[in-house]
Amino acid sequence: MSDLVNEPGPAVILRLAEEKNVWLCTVRPDGSAHVTPVWFVYQSSRWWIGSDHSSVKVRNIGKEPRVSLALEDGRFPVVAEGDALLIRDGFPHGVVTAFEQKYGWDVSAPTGPGSKRVLLEVHVRRWLLAGTAQ
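The sequence shown begins at 66 in the numbering used here and counts up by one.
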């Protein structure tokens with residue numbers, strides 16, 4: 066899958082590297098929104114988000130891959146719309162390392178007995194920056 070947009074500018078890339086949380090919006094089976102804050106890394110023109118395989122967001126993405134992401138600062142909005150892929154095995158080493166460096170967290174480690182980790186790989190279709198669709 067190729068991205069249909071250019072990378073955002075250097076100021077946005079810096080925010081993506083420094084900010085800790087992003088709000089992830091997925092679509093429930095009934096069409097309503099499910100919004101939750103998540104940790105993320107932005108690497109190789111993709112948003113990466115770790116989750117437990119049984120989470121609501123993973124179930125939603127399994128049926129409807131369209132998502133929206135919004136950084137927490139509403140004064141200088143950074144919003145991305147895209148499509149999420151569920152990576153169940155073979156997490157990219159660079160992404161695992163990036164989570165470790167940013168959060169001190171092993172994104173591939175199960176949360177408990179019988180649990181499995183999933184990595185969400187979000188390909189951006191559109192950036193909305195400072196209220197302007199890109």
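Virtual Cβ for every residue (Gly too), placed ideally from N, Cα, C.
Predicted, not measured: the structure shown is a model, and the values here were computed from it.
Q) Would Phe-164 pass as a contact of Gly-115 if the rule is Cβ separation under 8 Å? A) yes
Q. For Gly-159, which three-state DSSP category applies?
A. helix
(Q) Counting beta carbon pairs with one atom in the stretch 124-142 and one in the stretch 154-170, are three or more of them shorter than 8 Å? (A) no
Q) My guess is that Ser-180 and His-99 are in contact by the Cβ rule of under 8 Å, so how many angstroms apart are they, rounded? A) About 20 Å; that fails the 8 Å criterion.
**Q.** Gly-177, enclosing beta strand (DSSP E) - first and last residue
**A.** Gly-177 -> no beta strand (DSSP E), and no H or E assigned at all.
Q. Which whole-angstrom value is the C-beta distance of Ala-149 and Leu-185, which I expect to be below 8 Å?
A. 5 Å
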